[in-house]
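A.B. asks:
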Amino acid sequence: MAVALQVLPCLVRAPSRPLLWGAPVARMASGMALAEQARQLFESAVSAVQPGPMLQRALSLDPGGGQLKVRDRSFQLRQNLYLVGFGKAVLGMAAAAEELLGQHLVQGVISVPKGIRAAMEQAGKQEMLLKPHSRVQVFEGAEDNLPDRDALRAALVIRQLAEGLTADDLLLVLISGGGSALLPAPIPPVTLEEKQMLTKLLAARGATIQELNTIRKALSQLKGGGLAQAAYPAQVVSLILSDVVGDPVEVIASGPTVASAHSVQDCLHIVDRYGLRAALPRSVKTVLSRADSDPHSPHTCGHVLNVIIGSNVLALAEAQRQAEVLGYRAVVLSTAMQGDVKSVAQFYGLLAQVAGARLTPSMAGASVEEEAKLYELVAELQVPDLQLEEALEAVAEASGPVCLLAGGEPTVQVKGSGKGGRNQELAFRVGVELGRRPLGPMDVLFLSGGTDGQDGPTKAAGAWVMPELASQAAAQGLDMATFLAQNDSHTFFCCLQGGTHLLYTGMTGTNVMDAHLLFLRPQ
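Under UniProt numbering, the letters of the sequence shown match residues 1 to 523, in that order.
1) In this structure, does DSSP put R282 in helix, strand or coil?
2) Tell me the DSSP secondary structure of H269 in three-state form.
3) Measuring only the C-alpha atoms, how far is P295 from P467?
4) Since R73 is in the alpha helix (DSSP H), which residue starts that stretch and which ends it?
5) Which of the three DSSP states, helix, strand or coil, is assigned to D150?
6) So, for K415: in the same chain, excluding its five sequence neighbours on each side, which residues have a beta-carbon less than 6 Å away from its beta-carbon?
7) Pull up the distance between the alpha-carbon of A228 and that of C494, whole angstroms please.
8) Is T482 helix, strand or coil by DSSP?
9) Would a C-beta distance cut-off of 9 Å place A330 and L222 closer than the cut-off?
10) If you pair each beta-carbon of the stretch 265 to 281 with each one of the stretch 84 to 97, do three or more pairs fall below 8 Å?
11) Do S343 and G421 count as a contact pair if the criterion is CB distance below 9 Å?
12) Between which two residues does the alpha helix (DSSP H) carrying N80 extend?
13) Have a look at V3 and G302 and give me their C-alpha separation to the nearest angstrom.
14) Please say whether L239 and residue 537 have beta carbons closer to each other than 9 Å?
15) Thinking A231 and L171 are a contact (beta carbons under 8 Å), I'd like their distance in whole angstroms, please.
16) So, helix, strand or coil for H516, using DSSP?
17) Which whole-angstrom value describes the C-beta separation of residue 550 and L183, a residue pair presumed to lie in contact below a C-beta threshold of 8 Å?
18) What residue range does the beta strand (DSSP E) around L200 cover?
19) Which of the three DSSP states, helix, strand or coil, is assigned to M54?
20) Excluding five sequence neighbours on each side, which residues of the same chain lie with their C-beta closer than 8 Å to the C-beta of E194?
21) To test your reading of the DSSP string, which unbroken alpha helix (DSSP H) runs of 4 or more residues are found completely within the stretch 436 to 506?
22) State buried or exposed for G400, treating a residue as buried only when at least 16 other CB atoms are found within 10 Å of its CB.
23) If we call anything under 9 Å between Cβ atoms a contact, is I308 one with D243?
24) With DSSP run on the structure shown, which of helix, strand or coil describes D62?
25) Less than 9 Å between the beta carbons of A424 and G456, yes or no?
26) Determine the DSSP secondary structure at T411, reduced to helix, strand or coil.
27) Tell me which same chain residues have a C-beta within less than 7 Å of the C-beta of V287, skipping the five on either side of it?
28) How should R216 be labelled, buried or exposed, when 16 other C-beta atoms within 10 angstroms of its C-beta is the threshold for buried?
29) Where does the unbroken alpha helix (DSSP H) through T335 begin, and where does it stop?
30) Go through its chain and collect everything with a Cβ distance to L201's Cβ below 7 Å, but skip five positions before and after it.
31) Tell me the residue span of the alpha helix (DSSP H) that contains T351.
32) Is any beta-carbon of chain D found at less than 9 Å from that of G416?
33) For K69, count the other beta carbons within 10 Å of its own beta carbon; 16 or more makes it buried, fewer makes it exposed. Which is it?
34) Could you tell me which of V465, T491, L517, W464 sits nearest to G408, measuring between CA atoms?
35) Does S263 come out as helix, strand or coil in the three-state DSSP assignment?
36) Span of the beta strand (DSSP E) holding N306?
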């Protein structure tokens, strides 16, 4: 879905030469064609993880006997089925669930991103929308993925529904990425603003999603098993679309149906690691001081069945398949790319150079030192499932273009006051890395996009770059160092060539982390 560009002020220097868009016309046309293929592959990845089909694969209903089957478990339905949900993919999940369950569903409440119903309607995605007279009440909130009063109101209604259930009832919980922001219920006396302030401070200093969620769970009534406790003694079935590396159910949306394994000391260690102990509000100190190792419940959540119904693996597998259809030798490097965005960008820059040398043997001697650096960096990043050697062997055997794919969620240490997101910042930094390396006679393109369609507090999903990024920016007088220092990647890409490097999808209605695509095409 096309989105109009926002006009933003650009930080410029006088162009060092006339505006030529940084490359000969033929090369530019080749780059745009490659960018279009990259967009197609990204869209295919997103299409593979649409919530409705994934939920339908996990659930089945025996209409005659009133049995709900979830994988290998069965539950008897007798006007005892309730539904709650929270996350960026939950609107489509709820629509599919209600379509399947029909009159068996008594009542439901979901918390979804602000504007998502209008976006789905505008995109013509009727299958993502609830029918008129639905039994599911919808709350929209958490604009720009930040918890707000609307999301808090939704969380309290969800808690109220859960607390009213009995041992005869079954609660179906739909969870996806973005669920943390859409289910804020701080433990008094902590306020929403105080909890949000602490989370923003940690995120700005580069805290991982696991660390952020450890803090969120300790300060929440519903996260870290709190929702499961509220629903006890009802049976609880959680269907989870993962947006976290490794699919840990205790981390996704801060684990509302998984008993917390973290202690107060874990929280304090995280706060100390980022130098924030002195910045803790008194209310936070109060809540932490009276909490024990499991502040929510003595229960072990034995009444809960947690099921992962989809993840980044499915998205990358489909993109890989589509790349092969287009004639690429396609290899999935990892579904767990994480670490500081600067290091991840350096990894992709080195990878392009090393893989390019294997793809064009005449350059092989030039890559020995860089290959050693690449393996050193890999050891530092500690990506758990990285298939680097296998990928490089496949590149060496390839007789044509190559597409290397990865998924994950790098972190950005925010030091400036600009506007952007991790995907746009990663693409920006990879573009810088590619521009400073000899890549030989081949076209290289890198794309990074968030599968939810919203990268940070922007309307873009991500961006794509080529090695010519620096020359293109210089031709327009754009000072890349200043934009990077301000973490202002979105403004940079809006200014660069009229925003053509930005990836716009609109809200996708799903969320399985990010997709990274690296294309190498011999000229």
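Each residue gets a CB set at the ideal place from its N, CA and C atoms; glycine is no exception.
C.D. replies: Taking the coordinates as given:
1) Residue 282 sits at position 282 when you count from the first residue of the sequence shown. Three-state DSSP puts R282 in a helix.
2) The residue labelled residue 269 in the question sits at position 269 within the sequence shown. In the structure shown, H269 falls within a helical segment according to DSSP collapsed to helix, strand and coil.
3) On the sequence shown, position 295 is the one that residue 295 refers to. On the sequence shown, position 467 is the one that residue 467 refers to. Bear in mind that a pLDDT of 46 at P295, under 50, signals an unreliable position, so the number given afterwards is only what the model happens to contain. Cα to Cα, P295 sits roughly 51 Å from P467.
4) Your numbering for residue 73 matches position 73 in the sequence shown. Where R73 is concerned, there is no enclosing alpha helix (DSSP H), although the beta strand (DSSP E) it sits in stretches over 73 to 76.
5) Here residue 150 corresponds to residue number 150 of the sequence shown, with the count starting at 1. Correct three-state label for D150: helix.
6) Here the question's residue 415 lines up with position 415 in the sequence shown. Counting only Cβ-Cβ distances below 6 Å, and skipping sequence neighbours, we find nothing.
7) For the purposes of this step, residue 228 is identified with residue 228 of the sequence shown, where counting begins at 1. For the purposes of this step, residue 494 is identified with residue 494 of the sequence shown, where counting begins at 1. Computed Cα separation, rounded: 44 Å.
8) The residue given as residue 482 occupies position 482 in the sequence shown. Helix at T482.
9) In the sequence shown, residue 330 corresponds to position 330, counting from 1. In the sequence shown, residue 222 corresponds to position 222, counting from 1. At least 9 Å separates the beta-carbon of A330 from that of L222.
10) Because the criterion of three Cβ pairs below 8 Å is not met, the stretch 265 to 281 and the stretch 84 to 97 do not touch.
11) Residue 421 sits at position 421 when you count from the first residue of the sequence shown. Residue 343 sits at position 343 when you count from the first residue of the sequence shown. Cβ distance not < 9 Å, so G421 and S343 don't count as in contact.
12) Numbered from its first residue, the sequence shown carries residue 80 at position 80. Careful: N80 lies outside any alpha helix (DSSP H) and carries neither H nor E.
13) Position 3 of the sequence shown, counted from the start, is the residue given in the question as residue 3. Position 302 of the sequence shown, counted from the start, is the residue given in the question as residue 302. Caution applies to V3, whose pLDDT of 34 falls short of 50 and renders its modelled position unreliable; the value that the coordinates give is listed next. So the two alpha carbons sit approximately 46 Å from each other.
14) Because the chain spans 1 through 523 in this model, residue 537 falls outside it and cannot be assessed.
15) For the purposes of this step, residue 231 is taken as residue 231 along the sequence shown, with counting starting at 1. For the purposes of this step, residue 171 is taken as residue 171 along the sequence shown, with counting starting at 1. That pair is a contact at about 5 Å.
16) Locating residue 516 in the sequence shown gives position 516, counting from the first residue. Strand at H516.
17) Given a span of 1 to 523 for the chain in the structure shown, any question on residue 550 remains unanswerable.
18) Start at 1 with the first residue of the sequence shown, and residue 200 comes out as number 200. The amino acid occupying residue 200 in the given sequence is Lys; Leu does not appear at that position. Per DSSP, K200 belongs to no beta strand (DSSP E); it is in the alpha helix (DSSP H), 192 to 204.
19) As a position in the sequence shown, residue 54 is number 54, starting the count at 1. In the structure shown, M54 sits in a helix (DSSP, three-state: H, G or I).
20) What you label residue 194 is simply residue 194 of the sequence shown in a count that begins at 1. Same-chain partners within the cutoff: P186, P281, S283, V284.
21) Annotation: the stretch 436 to 506 contains the following complete segments of the alpha helix (DSSP H) (minimum length 4 residues), in chain order: 469 to 475, 480 to 485, 489 to 495.
22) Taking the first residue of the sequence shown as 1, we reach residue 400 at position 400. Exposed, since its Cβ has fewer than 16 Cβ neighbours within 10 Å.
23) Numbered from 1 along the sequence shown, position 308 holds the residue referred to as residue 308. Numbered from 1 along the sequence shown, position 243 holds the residue referred to as residue 243. No, the pair does not count as a contact, with Cβ atoms beyond the cut-off.
24) Within the sequence shown, numbered from 1, the residue matching residue 62 stands at position 62. In this structure, D62 counts as strand in the three-state DSSP scheme.
25) Within the sequence shown, numbered from 1, the residue matching residue 424 stands at position 424. Within the sequence shown, numbered from 1, the residue matching residue 456 stands at position 456. The identity of residue 424 in the sequence shown is Gln, whereas the question assumes Ala. Yes.
26) Position 411 of the sequence shown, counted from the start, is the residue given in the question as residue 411. It is a strand residue.
27) Numbered from its first residue, the sequence shown carries residue 287 at position 287. Answer for V287: I187, V190, L219, listed in chain order.
28) Translated into the one-based positions of the sequence shown, residue 216 becomes position 216. When all chains shown are included, R216 counts as buried.
29) As a position in the sequence shown, residue 335 is number 335, starting the count at 1. Where T335 is concerned, there is no enclosing alpha helix (DSSP H), although the beta strand (DSSP E) around it starts and stops at 329 to 337.
30) Taking the sequence shown and counting its residues from 1, one reaches residue 201 at position 201. Cβ within range, chain order: L276, A279.
31) Sequence index remark: in the sequence shown, residue 351 carries index 351 (1-based). Position check: residue 351 holds Leu in this sequence, whereas Thr was assumed. Following the DSSP letters along the chain, one finds L351 inside the alpha helix (DSSP H) bounded by residues 341 to 359.
32) Absent here is chain D; the protein component of the structure consists of one chain.
33) Translated into positions along the sequence shown, residue 69 becomes position 69. Around the beta carbon of K69, a 10 Å sphere encloses fewer than 16 other beta carbons of the protein chains shown; the residue is thus reported as exposed.
34) What you label residue 408 is simply residue 408 of the sequence shown in a count that begins at 1. Considering only alpha carbons, the answer is L517.
35) By 1-based counting over the sequence shown, the position of residue 263 is 263. DSSP places S263 in the coil class of the three-state scheme, outside both helix and strand.
36) Counting from one through the sequence shown, the residue named residue 306 turns up at place 306. Here the beta strand (DSSP E) through N306 covers 304 to 310.
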